[in-house]
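K.L.:
Got a structure here, written out as structure tokens. Questions coming.
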Amino acid sequence: MAVSIKDVAREAGVSIATVSRVLNDIDVVNEETKQKVLDAIKKLGYRPNIVARSLKTQRTKTIGILVPDISSKIYPEIVRGAEDVANIYDYNVILCNSDYDGEKEKEYLRVLKEKMVDGLLYMSVSLEKETIDIVNELDLKTVLVETKDDEGSFPSVSIDNVKAVYDATKYVIGRGAKDVAFIGAKQEQVNAFSKRYLGYEKAILDSKLDLHKELAYFEGFGVKTGIEGVNKLLESGKKFDAIVCSSDEIAMGAINALRENGKRVPEDVSVIGFSNISTTEVFYPKITTVSEPLYDMGSIAMRMLIKLVNNRQLEQGHYVLDHKLVERDSCK
1 MAVSIKDVAR EAGVSIATVS RVLNDIDVVN EETKQKVLDA IKKLGYRPNI VARSLKTQRT
61 KTIGILVPDI SSKIYPEIVR GAEDVANIYD YNVILCNSDY DGEKEKEYLR VLKEKMVDGL
121 LYMSVSLEKE TIDIVNELDL KTVLVETKDD EGSFPSVSID NVKAVYDATK YVIGRGAKDV
181 AFIGAKQEQV NAFSKRYLGY EKAILDSKLD LHKELAYFEG FGVKTGIEGV NKLLESGKKF
241 DAIVCSSDEI AMGAINALRE NGKRVPEDVS VIGFSNISTT EVFYPKITTV SEPLYDMGSI
301 AMRMLIKLVN NRQLEQGHYV LDHKLVERDS CK
């Protein structure tokens with residue numbers, strides 16, 4: 001027979017109300033009594049009825065995490081950091097994958113609301129006004145990860161994406177590149193990827209180099225984009241001696257396409273990636289890239305969200321974490 005809250009109260013020698021206060025972390029129980037209740041819970045192996053508890057408290061101890069593409073090497077590391085923190089505070093996680101589909105993402109937002117999640121970690125396909133309106137309408141406590149909305153109305157954890165690509169572009173220029181190309185995401189999307197072109201553009205102009213529209217290719221985030229981007233660059237007839245990529249997957253696709261077209265990396269073309277996913281150091285050549293602290297982004301965001309869920313004040317609303325350049329073999 002299942003152990004009940006009455007059994008715990010009897011074992012600890014306290015009232016049912018006291019056990020309930022301990023379970024709900026209400027700070028009116030002294031430490032000695034609280035420890036008696038926790039010892040009784042452990043001894044009896046009591047597990048609260050989550051459904052009944054949720055109906056009473058309107059809290060489910062569940063956090064929704066919405067990612068654009070769980071098959072990408074970027075998001076599992078962010079989710080891992082978030083889940084590790086959630087486990088510390090006894091929160092469960094519901095993971096939703098939108099496949100870079102804006103409509104699917106919006107539907108998942110509604111599903112998570114129906115599931116009564118206490119809060120949401122949100123890595124959006126594109127933070128357009130319609131999407132933001134849906135989040136506000138659903139009244140979901142939300143922390144953005146990897147990017148921030150233009151108004152800065154949601155708490156967020158990210159790096160400075162513009163500065164990071166600026167540094168990457170200046171790096172290849174500093175090593176002798178004169179005709180630098182860029183391969184990245186569609187510019188109309190409102191996310192971290194689309195902002196990265198701005199850093200490339202600024203670095204080119206600050207270096208007094210020519211900014212050629214033919215040397216920029218905007219499509220997606222993955223290997224296929226890197227392959228297509230290189231083929232388009234070669235078809236344009238414009239010469240280029242370096243490529244700045246807005247993701248490591250793009251860099252891998254670009255390197256493969258360059259090889260297939262008889263170009264050597266880095267002897268003929270330098271290639272630099274973004275994120276420092278695990279495969280960059282085993283790919284050939286090992287990829288020079290911008291490293292972003294993915295695990296830390298997830299763990300800090302989850303700590304922020306748990307504070308929001310528990311109506312505690314945040315020390316700051318927007319964390320911008322440090323990036324660094326990791327030098328390997330794909331640049332001269």
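The opening residue of the sequence shown carries number 1 in the UniProt record's numbering; numbering runs sequentially from there. For every residue, glycine included, the Cβ atom is placed at its ideal position computed from N, Cα and C. Quick caveat: nothing in here was measured; it's all calculated off a predicted structure.
1) Where D329 and L109 are concerned, what is the direct C-alpha to C-alpha distance, given to the nearest angstrom?
2) Straight-line CA distance for Y284 to K208?
3) Looking at N256: is its Cβ nearer than 8 Å to the Cβ of I287?
4) State yes or no: is the C-beta of L112 within less than 8 Å of the C-beta of C96?
5) I think E201 touches F221, with their Cβ atoms under 8 Å apart; what is that distance to the nearest whole Å?
6) Which of the three DSSP states is assigned to H318 in this structure?
7) Determine the DSSP secondary structure at L55, reduced to helix, strand or coil.
8) In the DSSP assignment, what are the bridge partners of L234?
9) Give the secondary structure of N136 by DSSP, where H, G and I count as helix, E and B as strand, and everything else as coil.
10) Please state the DSSP three-state secondary structure of F193.
11) Tell me whether M116 is buried or exposed, calling it buried when 16 or more other Cβ atoms sit within 10 Å of its Cβ.
12) Please determine, among S194, R80, T131 and E327, the residue with the shortest C-alpha to C-alpha distance to V172.
13) Measure the beta-carbon distance from D296 to L321 and round it to whole angstroms, keeping in mind my assumption that it falls under 8 Å.
14) Per the contact definition of three or more C-beta pairs closer than 8 Å, is the region 122-139 in contact with the region 258-277?
P.N.:
On the basis of the supplied data:
1) By 1-based counting over the sequence shown, the position of residue 329 is 329. By 1-based counting over the sequence shown, the position of residue 109 is 109. Going from the Cα of D329 to the Cα of L109 covers about 42 Å.
2) Counting from one through the sequence shown, the residue named residue 284 turns up at place 284. Counting from one through the sequence shown, the residue named residue 208 turns up at place 208. So the two alpha carbons sit approximately 32 Å from each other.
3) On the sequence shown, position 256 is the one that residue 256 refers to. On the sequence shown, position 287 is the one that residue 287 refers to. No; because the gap between Cβ atoms is not below 8 Å, this pair is not in contact.
4) If you number the sequence shown from 1, residue 112 lands on position 112. If you number the sequence shown from 1, residue 96 lands on position 96. Their beta carbons are under 8 Å apart, which means L112 touches C96 by this criterion.
5) Residue mapping note: residue 201 aligns to position 201 of the sequence shown, counting from 1. Residue mapping note: residue 221 aligns to position 221 of the sequence shown, counting from 1. Between F221 and E201 the Cβ distance is about 19 Å, and since that is not below 8 Å, they are no contact.
6) In the sequence shown, residue 318 corresponds to position 318, counting from 1. Note: H318 maps to strand in three-state DSSP.
7) Residue 55 sits at position 55 when you count from the first residue of the sequence shown. Bear in mind that a pLDDT of 47 at L55, under 50, signals an unreliable position, so the model cannot answer this.
8) Taking the first residue of the sequence shown as 1, we reach residue 234 at position 234. None, per the DSSP bridge assignment.
9) Against the sequence shown, residue 136 aligns to sequence position 136. Of the three classes helix, strand and coil, the one that applies to N136 here is helix, per DSSP.
10) Residue mapping note: residue 193 aligns to position 193 of the sequence shown, counting from 1. Three-state DSSP puts F193 in a helix.
11) As a working note, residue 116 is residue 116 in the sequence shown. Exposed.
12) Along the sequence shown, one-based indexing puts residue 172 at 172. Among S194, R80, T131 and E327, the Cα nearest to that of V172 belongs to E327.
13) For the purposes of this step, residue 296 is identified with residue 296 of the sequence shown, where counting begins at 1. For the purposes of this step, residue 321 is identified with residue 321 of the sequence shown, where counting begins at 1. Contact flag correct, Cβ pair sits at about 6 Å.
14) no
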